[in-house]
Every structure is written in structure tokens, then in C-alpha cells.
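Numbering (the working numbering), first residue to last: 1 to 69.
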């Protein structure tokens, strides 16, 4: 069995959690609790491009909020 997160021919979505962390996720696997779809259904590379363009600061949102205070 191949890794479902590395299948170039599969359809994916980008999930985001409350900490603004992003994840590439195969569409056929149910999203974990606390994560919601932010982009997709799309190809793997399109989803990776979305993550690169939109998750520019990988620090959790709670840390960014604490630093801003």
C-alpha cells in the first residue's frame, strides 16, 4: 500500500484547525475533529501551493496572539 498523502493522482483538500495550522488531506479520509476544509477538492500540487501561499507563519495562532499582547 502506498502513502495516501503522496499519491499524485488523488484528490485532496487543505484542512485548517483553530491554531491556523494547515494540513494536506485526502478527500476520501474523514477530516479529524477540530479541522475544517479551507481549500479543495483539488490536485495534490494545487493544495500544496495553497498551503505555501496561505500558511506563511507556521507559529500557532495562540502563540502569535500571546506575542502581540
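By construction, the Cβ of each residue, glycine as well, lies at the ideal position given by its N, Cα and C atoms.
Tell me the rounded alpha-carbon separation between residue 60 and residue 15.
Indexing the chain shown from 1 puts residue 60 at position 60. Indexing the chain shown from 1 puts residue 15 at position 15. Their Cα atoms are separated by approximately 15 Å.
For residue 50, list the residues DSSP reports as bridge partners.
Position 50 of the chain shown holds residue 50. In DSSP, residue 50 forms no bridge with anything.
Assign residue 39 to one of two classes, buried (16 or more other C-beta atoms within 10 Å of its C-beta) or exposed (fewer than that).
Mapped onto the chain shown, residue 39 falls at position 39. Buried.
Are the C-beta of residue 15 and some C-beta of chain B separated by less than 9 Å?
The structure shown contains no chain B; it holds only a single protein chain.
Do residue 44 and residue 6 come within 9 Å of each other at the CB atom, strictly closer than that value?
Residue mapping note: residue 6 aligns to position 6 of the chain shown, counting from 1. Residue mapping note: residue 44 aligns to position 44 of the chain shown, counting from 1. Going by C-beta atoms, residue 6 is nearer than 9 Å to residue 44.
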